[in-house]
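So the sequence lines, in the order shown, correspond to chains A and B. Numbering that gives the first Met the number 0 numbers the first residue of the first sequence as 0 and each following residue consecutively. Numbering that gives the first Met the number 0 numbers the first residue of the second sequence as 0 and each following residue consecutively.
Number of protein chains: 2
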Amino acid sequence: MTAPARIDRRQRRRLETIEEIVDVAVEVMTEHGVGGLSLGEVARRMGMRTPSLYVYFDSKNAVYDAVFARGWRSAYETTGALHLDVEGTVRRPAQLEPYLLLVSRTFVRWTIENPAHAQLMMWRPVPGYEPSADAFAAAVDALEAARSMFVRLRDLDLLRSDVALDEMVQTWTVITTGVMTRQLANAPQESFDEGRVTATLPALVAMFVAHYRHSGSPTKGKK
Amino acid sequence: MTAPARIDRRQRRRLETIEEIVDVAVEVMTEHGVGGLSLGEVARRMGMRTPSLYVYFDSKNAVYDAVFARGWRSAYETTGALHLDVEGTVRRPAQLEPYLLLVSRTFVRWTIENPAHAQLMMWRPVPGYEPSADAFAAAVDALEAARSMFVRLRDLDLLRSDVALDEMVQTWTVITTGVMTRQLANAPQESFDEGRVTATLPALVAMFVAHYRHSGSPTKGKK
DNA sequence: GTCTATATGACGATAGAC
DNA sequence: GTCTATCGTCATATAGAC
């Protein structure tokens with residue numbers, strides 16, 4: 000039975016080529032902007048001709064789709080790791096604010112360090128491209144992870160239970176997306192650590208925590 | 000002296016044509032996405048040939064630049080009107096939170112109703128385009144207006160004076176930009192009034208006010 | 001001054017030879 | 001699987017008609 004093995008080897012090679020195409024595409028997007036992706040440039044860097052890429056991807060948008068899905072999976076893995084400890088059991092944060100600050104910093108840092116992925120994921124920079132159902136599922140998974148984080152924090156009595164979870168998830172994503180957007184749009188050359196926008200994360204998380212923490216009544220609260 | 004009059008008429012016609020080109024360009028950007036602007040499409044809709052547009056604009060990026068500058072001027076006029084009363088004297092808001100909610104709602108509403116302008120202004124959707132010094136000045140004016148609003152509110156003892164103004168301006172723009180970004184990226188077809196993201200503005204402004212208002216000590220405040 | 005005709009080079013994409 | 005050849009479209013540039 001050598002036939003299956005040969006097929007496996009072929010498929011492995013094919014997958015490696017696909018991975019390399021995506022890598023080079025991200026490289027080009029990082030240099031020339033997300034909308035500046037050119038299949039000709041990708042082929043040139045890989046030592047091929049443009050039409051050869053069509054063996055692996057049906058269209059330019061299919062390449063964008065792979066970057067989109069890969070981005071959400073990577074962000075999910077990076078940020079989601081904070082929600083679980085090594086054994087995989089649910090983590091019990093001692094204090095709410097330091098925990099949420101760590102989560103937001105981890106996510107925003109990922110977006111600043113992966114600007115091509117992040118812009119494709121958070122903005123709509125490419126006319127005509129919309130994520131496929133498969134790619135969108137990766138985004139939904141990541142949002143669901145954030146949502147279940149808030150469920151967990153609420154069950155631990157760290158967050159108010161009189162506010163709709165949707166509102167917390169929405170305001171949370173507005174804050175993280177807002178920081179990422181202003182940092183990448185206004186000063187894309189600044190790193191996460193030296194960013195003047197990323198530096199406001201502690202203040203923004205403090206506002207969020209004051210508003211939604213369980214203990215006190217944050218605003219207009221009838222004490 | 001008929002010559003100057005004829006020149007005036009010509010210049011007026013020229014300015015009208017320029018305005019029309021920008022109008023049609025915004026129309027195309029709204030339909031096909033900001034990066035989907037095609038000078039050929041603009042010329043087609045105006046009943047001209049593409050090269051004729053180059054009489055009025057040096058390049059495609061010059062058209063983007065006009066849209067960028069026009070957008071910031073329009074946003075400035077729309078939002079800045081709230082800061083002054085009819086006579087032009089400084090307005091004295093009775094309550095901080097309703098006032099800031101009105102300002103943020105007015106600004107974000109403008110971005111949702113002018114998505115092409117807003118995306119060009121707040122994101123970086125067009126590879127190779129960077130605003131010229133002139134166009135950038137319009138953006139600086141608008142940001143300065145926001146900053147002076149906070150100066151005024153602080154002088155009126157409505158905002159804390161122990162926090163750097165820069166931080167307030169930064170967190171404020173993060174919130175407004177974040178709402179605009181998530182609404183336009185995730186549900187661009189929803190109007191401002193029916194938007195599920197824009198609906199979180201009251202909660203976000205409440206957080207902001209609780210954190211920065213003068214009276215109480217919002218978080219970790221030593222009472 | 002205003003527009004058209006024409007040309008160039010890059011792009012995404014397809015067809016077909018090897 | 002990779003190539004050459006080709007198509008249509010795009011931004012852009014130049015030359016010249018009116």
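Glycine included, each C-beta is placed from N, C-alpha and C at the ideal position. Being a predicted model, the structure only gives us computed values, none of them experimental.
Q118, M121, W122 and R123: these are the residues of the region 107–123 of chain A whose beta carbon lies less than 8 Å from some beta carbon of chain B, given in chain order. Relative to B:T197, the option among B:N113, B:R212 and B:T180 whose CA is nearest is B:T180. Cβ neighbours of B:R146 within its own chain (closer than 6 Å, five residues either side excluded): V168. Secondary structure of A:R195 (DSSP, three-state): coil. The closest CA to that of A:V27, considering only A:L101, A:R43 and A:R13, is found on A:R43. Identification of chain A residues near B:E166 by a Cβ-Cβ cut-off of 7 Å yields T199 and A202, ordered along the chain. When DSSP states are grouped into helix, strand and coil, A:L158 belongs to the strand group. DSSP places B:R212 in the strand class (E or B) of the three-state scheme. Secondary structure at A:N60: helix, using DSSP grouped into helix, strand and coil. Straight through space, the alpha carbons of B:L155 and B:A115 are spaced by roughly 36 Å. Fully contained in the region 74–154 of chain A are the following alpha helix (DSSP H) runs of length 4 or more, in chain order: 95–112, 114–121 and 132–154. When C-alpha distances from A:S190 are compared across A:A74, A:W122 and A:I111, the shortest belongs to A:I111. The beta carbon of B:T199 sits closer than 8 Å to those of V178, all from its chain and outside the five residues before and after it, given in chain order. B:H31 reaches chain A at P126 and G127, counting residues in chain order whose Cβ is nearer than 9 Å.
Under the Cβ criterion of 7 Å, B:R159 is not counted among the residues facing chain A. B:E40 sits in a helix when the DSSP states are folded into three classes.
At least one C-beta of chain B is nearer than 7 Å to the C-beta of A:T180. Of the candidates A:V33, A:R159 and A:V25, the residue whose Cα lies closest to the Cα of A:Y128 is A:V33. For the C-beta of A:A184, the chain B residues within less than 7 Å are, from N- to C-terminus, M121, W122 and R123.
Around the Cβ of B:Y53, a 10 Å sphere holds fewer than 16 other Cβ atoms; the residue is exposed. Proximity to B:V21 across B:H31, B:L38 and B:E143 peaks at B:L38, based on C-alpha coordinates. A straight line joining the alpha-carbon of B:E166 with that of B:P97 spans about 21 Å. Cβ atoms of A:A68 and A:A132 stay farther apart than 8 Å, at about 11 Å.
Out of A:M45, A:V41, A:A74 and A:E30, the CA that lies nearest to the CA of A:K59 is found in A:V41. Apart from the 5 residues on each side of it in sequence, B:T77 sits with its Cβ closer than 8 Å to the Cβ of T105, F106 and W109 in its chain, given in chain order.
Straight-line spacing of the CA atoms in B:L101 and A:R12 works out to 58 Å.
Closest option to A:A117, judged by alpha-carbon separation, among B:A184, B:A80, B:W171 and B:S103: B:A184.
A:R212 sits buried, since 16 or more C-beta atoms from the chains shown fall within 10 Å of its C-beta. The Cβ of A:H210 sits closer than 7 Å to at least one Cβ of chain B.
Taking 7 Å as the CB threshold, A:G70 stays off the interface with chain B.
With a threshold of 7 Å between beta carbons, B:T176 makes contact with chain A. At a cut-off of 7 Å between beta-carbon atoms, B:G35 makes contact with chain A. In this structure, the straight-line span from the alpha carbon of A:A93 to that of A:L142 is close to 23 Å. Here the alpha carbons of B:A144 and B:Y75 stand approximately 8 Å from one another.
Nearest to B:A163 by alpha-carbon distance, out of B:G35, B:V150 and B:S103, is B:V150. Between A:T78 and chain B, the shortest Cβ-Cβ separation is not below 7 Å.
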